[in-house]
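There are 4 protein chains.
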Amino acid sequence: MALTIRKARTIVKATLAKGRELELKPLSVVVLDAGGHVIAFEREDGASPGRFDIARGKAYGAIMLGMGGTAQMARAENQAYFMAAMNGLFDGKVVPVPGGVLVRDAKGAVIGAVGVTGDSSENDAAAATAGIEAARLTAEA
Amino acid sequence: MALTIRKARTIVKATLAKGRELELKPLSVVVLDAGGHVIAFEREDGASPGRFDIARGKAYGAIMLGMGGTAQMARAENQAYFMAAMNGLFDGKVVPVPGGVLVRDAKGAVIGAVGVTGDSSENDAAAATAGIEAARLTAEA
Amino acid sequence: MALTIRKARTIVKATLAKGRELELKPLSVVVLDAGGHVIAFEREDGASPGRFDIARGKAYGAIMLGMGGTAQMARAENQAYFMAAMNGLFDGKVVPVPGGVLVRDAKGAVIGAVGVTGDSSENDAAAATAGIEAARLTAEA
Amino acid sequence: MALTIRKARTIVKATLAKGRELELKPLSVVVLDAGGHVIAFEREDGASPGRFDIARGKAYGAIMLGMGGTAQMARAENQAYFMAAMNGLFDGKVVPVPGGVLVRDAKGAVIGAVGVTGDSSENDAAAATAGIEAARLTAEA
Numbered sequence: 001m002a003l004t005i006r007k008a009r010t011i012v013k014a015t016l017a018k019g020r021e022l023e024l025k026p027l028s029v030v031v032l033d034a035g036g037h038v039i040a041f042e043r044e045d046g047a048s049p050g051r052f053d054i055a056r057g058k059a060y061g062a063i064m065l066g067m068g069g070t071a072q073m074a075r076a077e078n079q080a081y082f083m084a085a086m087n088g089l090f091d092g093k094v095v096p097v098p099g100g101v102l103v104r105d106a107k108g109a110v111i112g113a114v115g116v117t118g119d120s121s122e123n124d125a126a127a128a129t130a131g132i133e134a135a136r137l138t139a140e141a
Numbered sequence: 001m002a003l004t005i006r007k008a009r010t011i012v013k014a015t016l017a018k019g020r021e022l023e024l025k026p027l028s029v030v031v032l033d034a035g036g037h038v039i040a041f042e043r044e045d046g047a048s049p050g051r052f053d054i055a056r057g058k059a060y061g062a063i064m065l066g067m068g069g070t071a072q073m074a075r076a077e078n079q080a081y082f083m084a085a086m087n088g089l090f091d092g093k094v095v096p097v098p099g100g101v102l103v104r105d106a107k108g109a110v111i112g113a114v115g116v117t118g119d120s121s122e123n124d125a126a127a128a129t130a131g132i133e134a135a136r137l138t139a140e141a
Numbered sequence: 001m002a003l004t005i006r007k008a009r010t011i012v013k014a015t016l017a018k019g020r021e022l023e024l025k026p027l028s029v030v031v032l033d034a035g036g037h038v039i040a041f042e043r044e045d046g047a048s049p050g051r052f053d054i055a056r057g058k059a060y061g062a063i064m065l066g067m068g069g070t071a072q073m074a075r076a077e078n079q080a081y082f083m084a085a086m087n088g089l090f091d092g093k094v095v096p097v098p099g100g101v102l103v104r105d106a107k108g109a110v111i112g113a114v115g116v117t118g119d120s121s122e123n124d125a126a127a128a129t130a131g132i133e134a135a136r137l138t139a140e141a
Numbered sequence: 001m002a003l004t005i006r007k008a009r010t011i012v013k014a015t016l017a018k019g020r021e022l023e024l025k026p027l028s029v030v031v032l033d034a035g036g037h038v039i040a041f042e043r044e045d046g047a048s049p050g051r052f053d054i055a056r057g058k059a060y061g062a063i064m065l066g067m068g069g070t071a072q073m074a075r076a077e078n079q080a081y082f083m084a085a086m087n088g089l090f091d092g093k094v095v096p097v098p099g100g101v102l103v104r105d106a107k108g109a110v111i112g113a114v115g116v117t118g119d120s121s122e123n124d125a126a127a128a129t130a131g132i133e134a135a136r137l138t139a140e141a
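Read top to bottom, the protein sequences are chains A, B, C and D. So the first sequence is numbered by full-length UniProt numbering: it starts at 1 and just counts up by one. So the second sequence is numbered by full-length UniProt numbering: it starts at 1 and just counts up by one. So the third sequence is numbered by full-length UniProt numbering: it starts at 1 and just counts up by one. So the fourth sequence is numbered by full-length UniProt numbering: it starts at 1 and just counts up by one.
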């Protein structure tokens, strides 16, 4: 199953709605396909200009390594040089913290990833998860 | 006046609607702020995965050089080495063809740019212009 | 439909067999998925060491731009600065000549690309096409 | 003695067979020549898209530094800045963990390297070693 633009729009909208519900700081949210390429992105007013790169970095690392941001952070804590090496391979585009969340379909296949940034990493991940679940897909933070 | 996420959503939606009205190939559309940073992006199903980079390249060049894609193409035709030099400065992120369109407010100030890709460059520019005008802003292709 | 490793192996084997049948110079062949990521590669003995990058560059450009190498070459001949800009966007990884061939499934969706290098560009493309057809898929050179 | 494509195919096939025998996660395996250039690669279905870069990074570091991934990891643990410096020299393409394995011929000369990724680093190295030995060559993990 591919992640369609229709599903991606649902994810973006529901992620930002969750942020407003939790009264988080302005969020930015990106949806990538299974190859790490951008399908959709929105940045709320008041967010800093670098947020696209941060959101994408969270989601891109999840896609390329096949693990969510929480798992990546654990690896970075335990083996910093490994995550440094990953960033060498992927042109510095990996941000190994919560907020990068894998999107799986009903069969468990990775069909994309969502990256959220703006509030604490844990809140970013919670908003992304809410967005993915609103599209009836499975989130792996 | 700043280009808000609300205005950016209107531009994205109206640009894609214009593409469907004209029966263009699947389009991708990006909206950048006055600093060249991404506010919103959508890629329609069936578009190739590199379309984010191409759309952004059209809009980014428009912002950084202060001229629309049509004007940039004229410069590239007349003085190819100048555009090559611009790409050296801006890390290869400038795509000097129609479809990169400046967004001006009622006072004539540049408040952002739109980049569209997917069909012919001329059709891309027409869709971007329709999107900008739907948001009651002024397009400079 | 995804391009499986089983299909990719068939493509590699049949591409190289075509090269031997036509008595071409040593060939190198890469198979990429729909996101431009490597599934399989082989380089025949006697090929120069840079052939992986050349093969991948042919296939990668096809994926990112959604057009085969023959179409890319026509664009490069007509509008050199456009292809130069594409290489700026994609880190110099686009080789716009025949031998980069899109792979489509029965519904017409792009599911990957094949890149072949070693002989003339036209012979490279012929071998890639034979490989793709041996896997019962559709080639767009 | 050079590492031929025939030997490389044997290594790839036997490495993946070992992975299936040990019930490892989907593996990716690359074979490089004595100059660090790709001869052959395969990525099993279900592996994440970044696995080519990771596999090559393990094998490339082994070739350029003349030491296997296990020895590189020991160096990274003791002297992280040294490995960071190596990655500066080699464009971020060195992944200093087990799974990068040198290939030596009967006389002890390095004729290439194998990189495996997908399961734990130790299991990756075990699969690579099995692949190299199936080709009647000597592995240095």
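Glycine included, C-beta positions come from ideal geometry on N, C-alpha and C.
If we count the other Cβ atoms within 10 Å of its Cβ and call it buried at 16 or more, is residue i buried or exposed?
i, result
"C:Gly100", "buried"
"D:Ala109", "exposed"
"A:Asp119", "buried"
"D:Arg43", "buried"
"C:Lys7", "buried"
"B:Ser48", "buried"
"A:Gly88", "buried"
"B:Ala141", "buried"
"B:Gly92", "buried"
Which value, in whole angstroms, describes the spacing of the CA atoms of residue i and residue j?
i, j, result
"A:Gly36", "A:Ala62", "9 Å"
"B:Met86", "B:Arg51", "21 Å"
"C:Glu77", "D:Leu65", "42 Å"
"C:Phe90", "D:Lys107", "43 Å"
"B:Thr4", "D:Arg20", "53 Å"
"B:Phe82", "B:Ala55", "21 Å"
"B:Ala113", "B:Tyr60", "7 Å"
"C:Thr129", "D:Arg136", "35 Å"
"B:Thr15", "B:Lys25", "13 Å"
"C:Lys18", "A:Asp105", "39 Å"
"B:Phe41", "C:Ile111", "23 Å"
"B:Glu23", "B:Met67", "28 Å"
"A:Asp124", "A:Ala134", "16 Å"
Suppose contacts are defined by Cβ-Cβ distances below 9 Å. Is residue i in contact with residue j by that definition?
i, j, result
"C:Val38", "C:Val116", "no"
"C:Val94", "C:Gln72", "yes"
"A:Ile132", "A:Ala126", "no"
"A:Val103", "A:Lys58", "no"
"C:Gly69", "C:Ser28", "no"
"residue 148 of chain B", "A:Ala2", "Beyond the ends of chain B as shown, which are 1 and 141, falls residue 148 of chain B; an answer cannot be given."
"A:Ala84", "D:Ala84", "yes"
What do you reckon, is the C-beta of residue i under 8 Å from a heavy atom of the ligand SAM?
i, result
"C:Ala71", "The model on display carries no ligand, and the ligand SAM is accordingly not part of it."
(message) Would you call the region 8-15 of chain C in contact with the region 21-36 of chain B, where contact means no fewer than 3 C-beta pairs closer than 8 Å?
(response) no
(message) At 3 residues or longer, what runs of the beta strand (DSSP E) sit wholly inside the region 30-80 of chain B?
(response) 38-43
(request) Give, in chain order, every unbroken run of the alpha helix (DSSP H) that is at least 4 residues long and sits entirely within the region 92-139 of chain A. (result) 121-134
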